[in-house]
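Taking it in order: structure first as structure tokens, then the write-up.
There are 2 protein chains.
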Amino acid sequence: MNIIESKPDTAALDRIFAALADPTRREILRRLASGPAPVGELVEPFDISQPAVSKHLRVLADAGLVSREPRGQQRLAHLSAAPMRAASDYLAEFKAHWDARLDQLGAVLAELVSITERKEHD
Amino acid sequence: MNIIESKPDTAALDRIFAALADPTRREILRRLASGPAPVGELVEPFDISQPAVSKHLRVLADAGLVSREPRGQQRLAHLSAAPMRAASDYLAEFKAHWDARLDQLGAVLAELVSITERKEHD
DNA sequence: GATATTCATAACTTAATGGTTATATATAAG
DNA sequence: CTTATATATAACCATTAAGTTATGAATATC
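So the protein lines, in turn, are chains A and B.
FYI, in my numbering the residues of the first sequence are 1 to 122.
FYI, in my numbering the residues of the second sequence are 1001 to 1122.
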């Protein structure tokens, strides 16, 4: 079986979605999108302790969403967005359904067209 | 502020991602993608109790991912995928980062910068 | 080498999650 | 009207999660 096309094992999706379910972690990811940062810098914007941020970073790293790079006495966190693709691919399976209202709209339009056509045939 | 373009409040994203973080719930959603189903039918494929499934359905409903329709003595669960769009939109912010080649390029550039800086300090 | 800085880890608390069994409620069927 | 079926809810248990404070380990600085 082709690794490239294989579906991600569900445990990986578990970790990715769980990591994304926390607003602090999403903020951290957003910050990292603009470049790597040491832990201290990631603590600043939040009203939580440094160990709390370190724990969030561990959750993100376990999900594969950040990598760590020792840099002197600090440890830079890098965004590693690749696993998000698995999450995005999962959601894409439902795209057809979240356009359902468009489908409904389509039905309404079809009905209107139908009515219009009937009128035209009067 | 335009409701249509407003970003989803973070609590909504919390619930959506958390709902998606459980493999049983993802299986339920996949089943519902092929049409509404009563609770009993959703229990069958799993080795867990009916109340457990009812609780999963409540989590999914709280996230807006399923709606319930009483139908006689059963309660049909319908997929309601619209909120997934918010999750998908969130992930889309990172698309530029999850391309593997861009990641590698980024790493290479970082390395070059690192080397350059070291040289500058010589 | 002593001290400061940066971060991780340990130990703990509280709350949330996912499961269970037992039971209640509502509708359907006899 | 009684009984069966479908589902929800309650009460409980074990595990995980998110936070805390205290402390340890590694690196930088004086």
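For every residue, glycine included, the Cβ atom is placed at its ideal position computed from N, Cα and C.
If LEU1032/B and VAL1053/B are in contact, beta carbons under 8 Å, what's the gap, nearest whole angstrom?
As a working note, residue 1032/B is residue 32 in the second sequence. As a working note, residue 1053/B is residue 53 in the second sequence. Rounded, the Cβ-Cβ distance is 12 Å, inconsistent with contact.
Which residues bound the alpha helix (DSSP H) around ALA1087/B?
Taking the second sequence and counting its residues from 1, the one referred to as residue 1087/B is at position 87. Where ALA1087/B is concerned, the enclosing alpha helix (DSSP H) stretches over 1084 to 1092.
Rounded to whole angstroms, what's the CA-CA distance from ASP22/A to LEU57/A? Just pull it up for me.
Here residue 22/A corresponds to residue number 22 of the first sequence, with the count starting at 1. Here residue 57/A corresponds to residue number 57 of the first sequence, with the count starting at 1. Cα-Cα distance, rounded: 12 Å.
Look at the Cβ atom of LEU1091/B, then the Cβ atom of ALA87/A, and state whether they are nearer than 8 Å.
In the second sequence, counting from the first residue as 1, residue 1091/B sits at position 91. In the first sequence, counting from the first residue as 1, residue 87/A sits at position 87. Yes, they are a contact pair.
Coil, strand or helix - GLN74/A by DSSP:
Here the question's residue 74/A lines up with position 74 in the first sequence. It is a strand residue.
Thinking C-alpha only, which one of GLU93/A, ALA11/A, GLY72/A is nearest PRO38/A?
Taking the first sequence and counting its residues from 1, one reaches residue 38/A at position 38. Residue GLY72/A is the option with its Cα nearest to PRO38/A.
Can you find a CB in chain A that lies within less than 8 Å of the CB of LEU1076/B?
Taking the first residue of the second sequence as 1, we reach residue 1076/B at position 76. False, the Cβ-Cβ gap to chain A never drops below 8 Å.
In this structure, does DSSP put ARG1118/B in helix, strand or coil?
Reading the second sequence from its first residue, position 118 is the one you call residue 1118/B. Reliability fails at ARG1118/B, whose pLDDT of 40 lies under 50, so the model's placement of it is uncertain and no value is given.
Within this structure, are the beta carbons of LEU1076/B and LEU1029/B separated by less than 8 Å?
Counting from one through the second sequence, the residue named residue 1076/B turns up at place 76. Counting from one through the second sequence, the residue named residue 1029/B turns up at place 29. No, they are not a contact pair.
Quick check on HIS97/A - is its C-beta less than 8 Å from some C-beta in chain B?
In the first sequence, the residue the question calls residue 97/A occupies position 97. Yes, HIS97/A lies at the interface with chain B (some Cβ there is under 8 Å from its Cβ).
Around the C-beta of ALA1081/B, are 16 or more other C-beta atoms found within 10 angstroms, so that it is buried, or is it exposed?
Within the second sequence, residue 1081/B is the residue found at index 81, counting from 1. Flag for ALA1081/B reads buried.
Where DSSP assigns a beta bridge to SER1067/B, which residues make up the other side?
Within the second sequence, the letter at position 67 stands for residue 1067/B. Paired residue(s): HIS1078/B.
Under the three-state reduction of DSSP, which class applies to ALA1037/B: helix, strand or coil?
Indexing the second sequence from 1 puts residue 1037/B at position 37. Reduced to three states, the DSSP call for ALA1037/B is strand.
Interface partners of LEU20/A on chain B, CB under 7 Å
Taking the first residue of the first sequence as position 1, residue 20/A is located at position 20. Those are PHE1017, listed as they occur along chain B.
Interface residues of chain A around ASP1014/B at Cβ under 8 Å?
Here residue 1014/B is taken as the residue at index 14 of the second sequence, counted from 1. The answer, in chain order, is ALA21, ASP22, PRO23.
What is the DSSP secondary structure of PHE17/A, reduced to helix, strand or coil?
Here residue 17/A corresponds to residue number 17 of the first sequence, with the count starting at 1. PHE17/A falls in the helix class under three-state DSSP.
On the three-state DSSP scale, how would you describe ILE142/A?
Nothing in the structure corresponds to residue 142/A, since chain A is present only between 1 and 122.
Buried or exposed for PRO36/A, please, with buried defined as at least 16 other CB atoms from any protein chain shown within 10 angstroms of its CB.
Translated into the one-based positions of the first sequence, residue 36/A becomes position 36. Result: buried.
Could you give the DSSP three-state label for ASP62/A: helix, strand or coil?
Residue 62/A sits at position 62 when you count from the first residue of the first sequence. Three-state DSSP puts ASP62/A in a helix.
Using the Cβ count rule (16 or more neighbours within 10 Å means buried), how would you classify ILE1129/B?
Nothing can be reported for residue 1129/B, as the shown portion of chain B is limited to 1001 through 1122.
Are the beta-carbon atoms of ARG15/A and ASP89/A separated by less than 8 Å?
What you label residue 15/A is simply residue 15 of the first sequence in a count that begins at 1. What you label residue 89/A is simply residue 89 of the first sequence in a count that begins at 1. Cβ atoms of ARG15/A and ASP89/A: not closer than 8 Å.
Would PHE1017/B pass as a contact of LEU20/A if the rule is Cβ separation under 8 Å?
Sequence index remark: in the second sequence, residue 1017/B carries index 17 (1-based). Sequence index remark: in the first sequence, residue 20/A carries index 20 (1-based). Closer than 8 Å, so yes.
List, in order along the chain, the chain A residues whose C-beta lies closer than 9 Å to that of LEU1060/B?
Residue numbering aside, residue 1060/B sits at position 60 when the second sequence is read from its first letter. The premise fails here: LEU1060/B is roughly 13 Å from chain A at the closest Cβ pair, so nothing lies under 9 Å.
When you compare the CB positions of PRO83/A and ALA12/A, do they come within less than 8 Å of one another, or not?
Taking the first sequence and counting its residues from 1, one reaches residue 83/A at position 83. Taking the first sequence and counting its residues from 1, one reaches residue 12/A at position 12. Closer than 8 Å, so yes.
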